[in-house]
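Working notes for the structure below.
Protein chains: 2
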Amino acid sequence: MGLGPETPQAPALPHHGPARSVTVQDVAQAAGVAASTVSRTFTNPQRVNERTREHVLAAADRLGYRPNTASRSASSRGTGTLALLVPDITNPSFFGLIRGAERQASAAGFTLVLANFEESPDLEAQHVKRLGAAVDGFLLASSRLPDAQIREISAGHHFTLVNREVEGVPGVVVDNEDGTRQIVEHLASLGHRSITYLAGPRSSWMAAHRWRALEETARRLSVSPTRLGPYPPSVAGGAAAADAAIGQQATAIVAFNDLLAIGVLRRLAERGLAVPRDISVVGYDDIFGADFCSPPLTTLAAPTQDAGHAAVSLLLGLLDTRAPGPRQIVLMPHLRIRASSGPAPT
Amino acid sequence: MGLGPETPQAPALPHHGPARSVTVQDVAQAAGVAASTVSRTFTNPQRVNERTREHVLAAADRLGYRPNTASRSASSRGTGTLALLVPDITNPSFFGLIRGAERQASAAGFTLVLANFEESPDLEAQHVKRLGAAVDGFLLASSRLPDAQIREISAGHHFTLVNREVEGVPGVVVDNEDGTRQIVEHLASLGHRSITYLAGPRSSWMAAHRWRALEETARRLSVSPTRLGPYPPSVAGGAAAADAAIGQQATAIVAFNDLLAIGVLRRLAERGLAVPRDISVVGYDDIFGADFCSPPLTTLAAPTQDAGHAAVSLLLGLLDTRAPGPRQIVLMPHLRIRASSGPAPT
DNA sequence: CAAGCGGTGGCAACCGATTGCCAGACGGCC
DNA sequence: GGCCGTCTGGCAATCGGTTGCCACCGCTTG
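Chains as they are written, first to last, in the working numbering: chain A, 1 to 346; chain B, 1001 to 1346.
Have a look at this one:
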């Protein structure tokens, strides 16, 4: 990363040093007041005299005091914060989910924070561990964790899954089987006799599901399915995927998601193939950009905003009482037909 | 929001509700042992007899006990967490920043969380307040807060600004003056004698800066600048903006950002205007999608990933010592010329 | 039979804050 | 001067768990 010389080095700082951290007590002593006064200075400033407050703040600053959240939420109840973990925050397919979750969280008086685990199960687990103390509950979207580990986490934290089903854990999913059926029927009715599927990450539960559903529906409609991949679910991953599909003389491509599909479109254009005349392309998610790439992409749209909404509701329900309401919610997708899919070449 | 009937209602829950959760005490009582035994059952299983342990686990299970992570880590110091606040998480122009910040945070052993304030100063302030307790420091990107409030916050928290300059507060900015100069020179050299600027949000510091720089450079090069707006910095906002620009018989449009520019491109196409033959369009940020919209967008690209990297480094420096290293970092942008800008119509 | 010993589980003191309640100070008013 | 109300800050309880220390138990050993 070509950084200019003016960029400071990351200080190699062990933030769990043995040095005992500064507590309200320390500040109180330094300022010559009681611990409760220090506490109030931060949480309820108008409750303490301005002169005292300034004095306390000065002492706190001098000592480098910072309140310890964990203990804070020990005495008050909860932090009023929920965390939404996503594999890739820059993947527009999560935007709807994020927005829906945010709205609902905010409506209930909670703050939603997001964390990114870059498709890495390890990072995902680490985030849960790190944030566990700071938030009241988790939303895990497209988790890359194995079932066993999810159950394990479920013992220690409140959380809800999105795009993933695990027995006994509340979650919201989109009906991929049905959506895939819509895609395959669409292509079949356009005369395509074979479909090339470009697979997503191996650890993705959804990726596996989509392929299984596609294979099944295709066979039922006498269309022959082929699977290529896995490919990284990104625009960049599309180039190699497109080349592989061309090598197979594919007439219809179904990409694991829209990012990959857009990457494929670009590569096909580079290689001089016309879409949809020579080849049809369909994606999943209906992301930002799917309607203004060229040609606009046929893709499976899911009510992701509703999913976010529902997932937060579920989570809040968990937090509130132990009444086990409806635990698994299934939402229905629908195919948005645009210009990237057309009749099979003759 | 058309939610299916299977979606649970948001529990109207005051998250300080009376719903006391199950504690070790409860479990202990149910199992007929002491609280400490319950605690040990979970944290140090081999320390308790197997029969007792099973007994306790059964009781815990029956009551639905889940250990409270917050109090558990009451003794841990610092949260090892940084928060990055952005006005709109779905705006791809922040992706580079997010990625850069994440990398650097992770390299230093910190977890980065993101929060969205939807262009709202109130929400931004509220987030700072709510999260203030849960994180070790803040990165404020494109803050919508007035200078005074930023200074105020700076007294209570460690933080770094991005895309914003406030005296005495560390920050990372892109040189908008220089970037704008590049845009204007580009258009001027293509023969454009007037430039229509589509303004961004009024509360945006950057929006104001960009306009000022554009106005200044334009006059210097004898190009006449016009300003329209403000418009919401989104694709949807582009339609009205485009219509207004057409009304002005503009030949060159500079949009506050790429989202707006893409919206403008779409509207121009709808209205039958050819880009760049009839009209040129330039944006800012070089976001995801700017290279595959049609036509591909000429836009000002900034080293946003470096910005994220630098901002986190700055923040970590703040956390570590009070040694005031370099506090303000300026990064240089460069114009990425694509197909949306061309010679002025004759 | 007494001393020794490992294995269990309880008591109570924390962890680092928050908060209800109360007492002293201060000023205004009759 | 006495009474009263408002501010302000301290005491101590509390949040939910963890953990050091000790008592007790049943058994082996000398």
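Backbone N, C-alpha and C define an ideal beta-carbon position, used for all residues, glycine too.
In this text, all values refer to a predicted model and were calculated from it rather than measured experimentally.
Going by alpha carbons, who is nearest to A/ASP122 out of A/PRO87, A/ALA105, A/VAL38, A/ALA236?
A/PRO87
Touching or not, the segment 99 to 118 of chain A and the segment 309 to 319 of chain A, by the rule of three or more beta carbon pairs under 8 Å?
Cβ pair count under 8 Å is three or more, so yes.
First and last residue of the beta strand (DSSP E) that includes B/HIS1334?
1334 to 1336
Would you mind telling me which residues of chain A sit closer than 8 Å to B/GLY1289, beta carbon to beta carbon, in chain order?
PHE288, GLY289, PHE292, CYS293
Using a Cβ-Cβ cut-off of 8 Å (strictly less than) and excluding sequence neighbours within five positions of B/PRO1295, which residues of its own chain qualify?
LEU1265, VAL1275, PRO1276, ARG1338, ALA1339, SER1340.
Of all the CB atoms in chain A, is at least one closer than 9 Å to the CB of B/ARG1202?
no
If you compare alpha carbons, which of B/LEU1139, B/PRO1045, B/PRO1201, B/VAL1254 is closest to B/PRO1233?
B/PRO1201
Who are the near neighbours of B/TYR1065 in its chain, counting only those whose CB is closer than 6 Å to its CB and skipping five residues on each side?
Answer for B/TYR1065: VAL1022, VAL1027, listed in chain order.
In terms of alpha-carbon separation, which member of B/ALA1240, B/GLU1050, B/SER1189, B/VAL1172 lies closest to B/ALA1302?
B/VAL1172
Looking at B/THR1180 and B/LEU1300, is the spacing between their C-beta atoms short of 9 Å?
Closer than 9 Å, so yes.
B/SER1075 by DSSP, collapsed to three states: which one?
With a pLDDT of 45 at B/SER1075, under the threshold of 50, the modelled position of that residue is not reliable, and the figure given next carries that caveat. The answer is coil: DSSP assigns B/SER1075 none of H, G, I, E or B.
So with CB distances below 8 Å, who are the chain A contacts of B/THR1090?
PRO92, PHE95, ILE98, ARG99, PHE288
Three-state secondary structure (DSSP) at B/GLN1126?
helix
Along the beta strand (DSSP E) that carries A/GLN392, what are the first and last residues, could you check?
Nothing about residue 392 of chain A can be reported from this structure: the residues present for chain A run from 1 to 346 only.
Does the distance from the CB of A/VAL113 to the CB of A/LEU140 come in under 9 Å?
no
What is the residue span of the beta strand (DSSP E) that B/SER1194 lies within?
1194 to 1198
One question on the structure: do B/PHE1159 and B/VAL1174 come within less than 9 Å of each other, judged by their Cβ atoms?
no
Please report how far the alpha carbon of B/ARG1322 lies from the alpha carbon of A/ALA240, in whole angstroms.
Because the pLDDT at B/ARG1322 is just 49, under 50, the model does not fix this residue reliably, and the point stays unresolved.
With H, G and I counted as helix, E and B as strand and the rest as coil, what does DSSP make of B/THR1037?
helix
So, under 8 Å CB-CB, B/SER1204 and B/SER1120 are touching, yes? Tell me the CB distance rounded to an integer number of Å.
Not confirmed; about 12 Å, so no contact.
Give me the DSSP bridge partner(s) of B/ALA1083.
Partner residues in the beta bridge of B/ALA1083, as assigned by DSSP, are B/VAL1113, B/PHE1138.
Determine the direct distance from the alpha carbon of B/ALA1250 to that of B/GLU1177, and round the result to whole angstroms.
23 Å
Using a beta-carbon distance below 9 Å, is B/SER1036 in contact with chain A?
no
Answer with yes or no whether the minimum CB distance from A/ASN176 to chain B is below 9 Å.
no
Under 7 Å Cβ-Cβ, which residues of chain A neighbour B/ARG1130?
GLY80, THR81, THR111
To the nearest angstrom, how far is the alpha carbon of A/LEU198 from that of A/ARG336?
19 Å
So, helix, strand or coil for A/PRO296, using DSSP?
coil
Counting only C-beta atoms, is B/GLU1119 closer than 9 Å to chain A at any point?
no
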